[in-house]
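A.B. asks: Submitted below is the structure of interest, expressed as structure tokens.
Numbering (full-length UniProt numbering), first residue to last: 1 to 374.
Dropping the structure here:
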């Protein structure tokens, strides 16, 4: 009787080999192992071999016990890496082996006092940028800065028109909000923070994303007014150490805080125009954030000239680009969405969409001019 040909990579043998690796671990680490294996299954492409790929990943690990000691499971079965990174297993496993080892090594060294925070962030900076990773101590520091800046003991106490939109921010929202306050608001400048809150209240913002969008819009408009006045009056007499751009910004900020109607109505009008044009598939998921993205990124290179395109043209371009081939895709840190990157040589533009893996919906996150040569 003929025997079936033995295959070292048959389903049965793969299961056996994986079980051998798993049995070497303590029960709590076996849970981490299972989470990673399930993630690999979810990540599998059509025709892929997730068990074989996971086995290959395991075979690259120098010391299994040491490797899994870096992990604990937290909420939603997320991986906690040395209390420095909380990340979905899919987002972790999409990295190269070298990138994973780098995160484990330097987070372990930081946890055990072998390196400083600055040394840690310098070592993992490129990985963090590539995968848009938010670190726990940066999140904690950001929350602390926000509480101090707004003089609240809890972010739930910071309200926008009676709503606690900052109470349950996810890691990505905290990072984005901190970047907005640091960069746009010049390291938590009080006047700019007050402008942000005023604009958000006037427009009845209901989410962190909307808050950031209208904050950017208002501060951008006031900066533009200040720059125009500064250009017309470059030799204004100022107090020692005071910068002209801040001096003029504060003047226009005070005017806005006293009477915000002009900028608020301008934004509402722009939002309505963008909402009417944002009808493609895929499209931007929020009319307020869409209006801000259009206002920021409406300038493109066309026929050798810089041109500010109309809302109709902008949103049509965004949909067209995002219907094209995907250049790159990555899991978000929480593993709830796939981020997809697109390029267009015709429009000299780039775009990003997010696909929610729970409900399958896809929304455009941004579309802008690509200033790098293609």
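Beta carbons: idealized from backbone N, C-alpha and C, even for Gly.
(1) Under the three-state reduction of DSSP, which class applies to residue 411: helix, strand or coil?
(2) Since residue 363 sits in a beta bridge, which residues does DSSP pair it with?
(3) Since residue 183 and residue 292 are thought to touch, with beta carbons under 8 angstroms apart, how far apart are those beta carbons, to the nearest angstrom?
(4) What residue range is occupied by the uninterrupted beta strand (DSSP E) comprising residue 79?
(5) For residue 284, I'd like the list of residues in its chain whose CB is within less than 6 angstroms of its CB, leaving aside the five on either flank, ordered along the chain.
(6) Based on Cα-Cα distance, which residue from 336, 328 and 294 lies nearest to residue 367?
(7) Whose C-alpha, out of 117, 72 and 247, is nearest the C-alpha of residue 239?
(8) Does the segment 188 to 201 come within contact of the segment 258 to 269, defined as at least 3 CB pairs closer than 8 angstroms?
(9) Could you check if residue 55 is buried or exposed, using at least 16 other CB atoms within 10 Å of its CB as the buried criterion?
(10) Locate the alpha helix (DSSP H) running through residue 59, then write down its first and last residues.
(11) Is the beta carbon of residue 212 less than 8 angstroms from the beta carbon of residue 177?
(12) For residue 20, does the count of other Cβ atoms within 10 angstroms reach 16, so buried, or fall short, so exposed?
(13) Nearest to residue 223 by CA position, among 241, 191, 23 and 205, is which residue?
(14) Within 10 Å of its beta-carbon, does residue 32 have 16 or more other beta-carbons around it, so buried, or fewer, so exposed?
(15) DSSP three-state call for residue 312: helix, strand or coil?
(16) As an exercise, report each continuous alpha helix (DSSP H) stretch of at least 4 residues that is fully enclosed by the segment 132 to 181, in chain order.
(17) Helix, strand or coil for residue 369? Go by DSSP, reduced to three states.
(18) Since residue 124 and residue 103 should fall inside the 8 angstroms C-beta cutoff, what is the C-beta to C-beta distance between them, to a whole number of angstroms?
(19) Considering only the beta carbon of each residue, do residue 142 and residue 174 sit closer than 8 angstroms?
(20) Is the CB-CB distance between residue 335 and residue 88 below 8 angstroms?
(21) Can you find the residues in the same chain that come closer than 8 angstroms, C-beta to C-beta, to residue 127, ignoring five residues on each side of it along the sequence?
(22) Should residue 358 be labelled buried (16 or more other beta-carbon atoms within 10 Å of its own) or exposed?
(23) Tell me the rounded alpha-carbon separation between residue 163 and residue 302.
(24) Look at residue 342 and residue 321 and say whether their C-beta atoms are less than 8 angstroms apart.
(25) Pick out whichever of 232, 160 and 220 has its Cα sitting closest to the Cα of residue 204.
(26) Let me know if residue 305 comes out buried or exposed under the rule of 16 or more other beta-carbons within 10 Å of its beta-carbon.
(27) With burial defined as no fewer than 16 other Cβ atoms inside 10 Å of the residue's Cβ, what is the status of residue 29: buried or exposed?
(28) Within 10 angstroms of its Cβ, does residue 350 collect 16 or more other Cβ (buried), or is it exposed?
(29) Given this structure, state the Cα-to-Cα distance separating residue 84 from residue 210, to the nearest angstrom.
(30) Roughly how many angstroms separate the alpha carbons of residue 348 and residue 179, rounded to a whole number?
(31) Going by the beta-carbon positions, is the gap between residue 329 and residue 339 smaller than 8 angstroms?
(32) Look up residue 329 in the DSSP assignment and say whether it is helix, strand or coil.
(33) I need the straight-line Cα distance from residue 214 to residue 288, nearest angstrom please.
(34) Please state whether the Cβ-Cβ distance between residue 166 and residue 208 is less than 8 angstroms.
(35) Would residue 331 pass as a contact of residue 90 if the rule is Cβ separation under 8 angstroms?
(36) Where does residue 270 fall in DSSP's three states?
C.D. replies: So, to answer that:
(1) Residue 411 is absent from the structure shown; the chain starts at 1 and stops at 374.
(2) Sequence index remark: in the chain shown, residue 363 carries index 363 (1-based). In DSSP, residue 363 forms a bridge with 283 and 354.
(3) The sequence position of residue 183 within the chain shown is 183, counting from 1. The sequence position of residue 292 within the chain shown is 292, counting from 1. Between residue 183 and residue 292 the beta-carbon gap is near 15 angstroms, outside 8 angstroms, which marks them as no contact.
(4) The residue given as residue 79 occupies position 79 in the chain shown. According to the DSSP assignment, residue 79 belongs to the beta strand (DSSP E) that extends over 79 to 81.
(5) Translated into positions along the chain shown, residue 284 becomes position 284. So the list reads 278, 290 and 364, once near-sequence residues are dropped.
(6) Taking the chain shown and counting its residues from 1, the one referred to as residue 367 is at position 367. By alpha-carbon distance to residue 367, the top candidate from 336, 328 and 294 is 294.
(7) What you label residue 239 is simply residue 239 of the chain shown in a count that begins at 1. It is 247.
(8) With the rule of 3 Cβ pairs closer than 8 angstroms, the segment 188 to 201 counts as touching the segment 258 to 269.
(9) By one-based count along the chain shown, residue 55 stands at place 55. Around the Cβ of residue 55, a 10 Å sphere holds 16 or more other Cβ atoms; the residue is buried.
(10) Counting from 1 along the chain shown, the entry for residue 59 is found at position 59. Its alpha helix (DSSP H) spans residues 50 to 59.
(11) Taking the chain shown and counting its residues from 1, the one referred to as residue 212 is at position 212. Taking the chain shown and counting its residues from 1, the one referred to as residue 177 is at position 177. Annotated as proximal: residue 212 and residue 177, with beta-carbon spacing under 8 angstroms.
(12) As a first step, residue 20 is located in the chain shown; it is residue number 20 there, counting from the start. When all chains shown are included, residue 20 counts as exposed.
(13) As a first step, residue 223 must be located in the chain shown, where it is residue number 223. Comparing Cα positions, the closest option is 191.
(14) Working through the chain shown from its first residue, we reach residue 32 at position 32. Buried, because 16 or more other Cβ atoms sit within 10 Å of the Cβ of residue 32.
(15) Position 312 of the chain shown holds residue 312. Assignment of residue 312 by DSSP, reduced to helix, strand and coil, places it in the helix class.
(16) Those alpha helix (DSSP H) runs which fall completely within the segment 132 to 181 and span 4+ residues are 136 to 150 and 171 to 179.
(17) Locating residue 369 in the chain shown gives position 369, where the first residue counts as 1. Residue state, collapsed to three classes: strand.
(18) For the purposes of this step, residue 124 is taken as the residue at position 124 of the chain shown. For the purposes of this step, residue 103 is taken as the residue at position 103 of the chain shown. That belief holds up - the Cβ atoms of residue 124 and residue 103 are roughly 6 angstroms apart, short of 8 angstroms.
(19) The residue given as residue 142 occupies position 142 in the chain shown. The residue given as residue 174 occupies position 174 in the chain shown. Closer than 8 angstroms, so yes.
(20) For the purposes of this step, residue 335 is taken as the residue at position 335 of the chain shown. For the purposes of this step, residue 88 is taken as the residue at position 88 of the chain shown. Contact: yes.
(21) The sequence position of residue 127 within the chain shown is 127, counting from 1. Cβ within range, chain order: 95, 99, 102, 103 and 133.
(22) The residue you call residue 358 lines up with position 358 of the chain shown. It counts as exposed.
(23) Walking along the chain shown from the start, residue 163 turns up at place 163. Walking along the chain shown from the start, residue 302 turns up at place 302. Going from the Cα of residue 163 to the Cα of residue 302 covers about 43 angstroms.
(24) Indexing the chain shown from 1 puts residue 342 at position 342. Indexing the chain shown from 1 puts residue 321 at position 321. Their beta carbons are under 8 angstroms apart, which means residue 342 touches residue 321 by this criterion.
(25) Stepping through the chain shown from its first residue, residue 204 is reached at position 204. Of the listed residues, the one whose Cα sits closest to residue 204 is 160.
(26) Taking the chain shown and counting its residues from 1, the one referred to as residue 305 is at position 305. Exposed, since its Cβ has fewer than 16 Cβ neighbours within 10 Å.
(27) For this step, residue 29 is matched to residue 29 along the chain shown. With 16 or more other CB atoms across the displayed protein chains lying within 10 angstroms of its CB, residue 29 is buried.
(28) In the chain shown, the residue the question calls residue 350 occupies position 350. It is buried - the Cβ of residue 350 has at least 16 other Cβ atoms within 10 Å.
(29) On the chain shown, position 84 is the one that residue 84 refers to. On the chain shown, position 210 is the one that residue 210 refers to. Spanning the two alpha carbons is a distance of roughly 29 angstroms.
(30) Within the chain shown, numbered from 1, the residue matching residue 348 stands at position 348. Within the chain shown, numbered from 1, the residue matching residue 179 stands at position 179. Spanning the two alpha carbons is a distance of roughly 27 angstroms.
(31) The sequence position of residue 329 within the chain shown is 329, counting from 1. The sequence position of residue 339 within the chain shown is 339, counting from 1. Contact flag set, yes.
(32) By one-based count along the chain shown, residue 329 stands at place 329. Strand.
(33) In the chain shown, the residue the question calls residue 214 occupies position 214. In the chain shown, the residue the question calls residue 288 occupies position 288. Rounded to the nearest angstrom, the two C-alpha atoms are 7 angstroms apart.
(34) For this step, residue 166 is matched to residue 166 along the chain shown. For this step, residue 208 is matched to residue 208 along the chain shown. It is a contact, given that the beta carbons lie within the stated cut-off.
(35) As a working note, residue 331 is residue 331 in the chain shown. As a working note, residue 90 is residue 90 in the chain shown. Judged by beta-carbon spacing, residue 90 lies within the 8 angstroms limit of residue 331, meaning their Cβ atoms are closer than that value.
(36) Position 270 of the chain shown, counted from the start, is the residue given in the question as residue 270. Helix at residue 270.
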